[in-house]
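Numbering (numbering that gives the first Met the number 0), first residue to last: 0 to 334.
Let me begin by presenting the structure, written as structure tokens, before commenting on it.
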Amino acid sequence: MTTEEGQATVEMDLDHESLLALNKILILENERLKAGLLNIQENLANSVQQTRSTLAESAEVNGTLKGLLGDANSIKGSVAFLSDKASNSQSKLERLSSEMNLIKTLLEEIISISQASKVLALNATIEAARAGEAGKGFAVVATEVKQLSDKTRQASINISKALSQVEESSGEVQEVMEDFFKRTGEVNTTMDAFYDSLASIIVANDSSIGHLNATNDHLFMSLAKLDHVIWKINTYLSVLHWKPAFKFVDHHNCRLGKWFYEGDGSQSFSHLSCYMKLEGPHALTHNGTRKVLDQIEAGERNFETVEDGLEEMEKGSQGVFDQLDRILEDKQRGL
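Next up, the structure:
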């Protein structure tokens, strides 16, 4: 072996050793990066789950508040009805009191008339006595008029007493009704304030739920992006190790796929025109990785095919990022 050939062999060995060392460093740093990202991924996933739980609890509280609002509205209606009835009863009692006063006035007139009739009857009796035998018939009539006058007066007095008792009871009832009317007014005012406060709380709670939903959407989108970064790191680690570094799943069965086809994504975003545009780049990401893993599992070192697969994966991943951002923007804009 010539000196030149020996030197070339040493250089080749050094290059190979350098490549191995570099590969080892790349693997180590990627593993460290992956470990850090997995920790962040777990924290994000926990945050998403906690936010979902908070949203569920907030929705339940909101339902209870809206039920209370309905009950408060019913109570308001009942109090208003009672207040109206109390007002009507009060008006009727006032009319009754007025009518009783009128009756008392009429009774006083009747008593006055009966008293006058009695005086006339007495005068007639005296005159009949003076007339002697001729005035006997007139005396009988005068006596009957006097008796009728006495009975009328006594009946009027009895009626007046009864009316006074009714008036006294009516006055007591009227006082009770006035107090009831006042209290129903106070209750109505309190219920109005309670209803308005409850309505304001519901509006604020609805707003909080809206913000929580938006936060949860952002958290999940960030988690989905992080999932894809870790997916890519695992793919590159598979190339560096030249063996699969993770268990492959298709784009239907990863976290984003389940979210997209059957989870919150389908429920909350599928109405957006841009939603289905996520499917293409997402599938491309998984297909690119599948192409790389097929080469590794086949034991073939066709690096051109591997490079094509990695290129597909990167292109798809960027498309996923872009579409996730677009979905969020369109939802926020109400499209």
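Glycine included, each C-beta is placed from N, C-alpha and C at the ideal position.
{"query": "Inter-residue spacing [alpha-carbon to alpha-carbon] between Ser221 and Ser196", "result": "37 Å"}
{"query": "Assigned exposure category for Val339 - 16 Cβ within 10 Å defines buried", "result": "What the structure shows of the chain is the stretch from 0 to 334, and residue 339 is not part of that stretch, so it cannot be assessed."}
{"query": "Counted within 10 angstroms of its Cβ, other Cβ atoms place Asp216 as buried (16 or more) or exposed", "result": "buried"}
{"query": "Cutoff 6 Å; reference Phe179; Cβ partners in own chain excluding five residues on either side", "result": "Ala85"}
{"query": "Closest residue to Asn212 among Met190, Thr50, Ile125 (Cα-Cα distance)", "result": "Thr50"}
{"query": "Any 3 or more C-beta pairs closer than 8 Å across the region 223 to 240 and the region 248 to 257", "result": "yes"}
{"query": "Helix, strand or coil at Asn301 according to DSSP, with G and I counted as helix", "result": "coil"}
{"query": "8 Å CB neighbourhood of Phe193 in its chain, flanking five on each side removed", "result": "Ala71"}
{"query": "Residue closest to Glu167, alpha-carbon to alpha-carbon, out of Leu92, Gln114, Ser206", "result": "Leu92"}
{"query": "Selected residue, minimal CA-CA separation from Glu98, among Asp149, Lys330, Glu132, Leu162", "result": "Leu162"}
{"query": "Backbone CA spacing between Leu36 and Tyr235 [nearest angstrom]", "result": "15 Å"}
{"query": "Residues of its chain near Ser155, where Cβ-Cβ distance is below 6 Å and the 5 sequence neighbours each way are ignored", "result": "Leu106, Ile109, Ile110"}
{"query": "When His240, Leu121, Glu296, Asp83 are compared against Ile24, the one with the closest alpha-carbon", "result": "His240"}
{"query": "Pair within 8 Å by beta-carbon distance, Leu271 and Asp329", "result": "yes"}
{"query": "Contiguous beta strand (DSSP E) assignments of at least 3 residues, all confined to the region 146 to 183", "result": "none"}
{"query": "Pair within 8 Å by beta-carbon distance, Val78 and Met190", "result": "yes"}
{"query": "Coil, strand or helix - Glu59 by DSSP", "result": "helix"}
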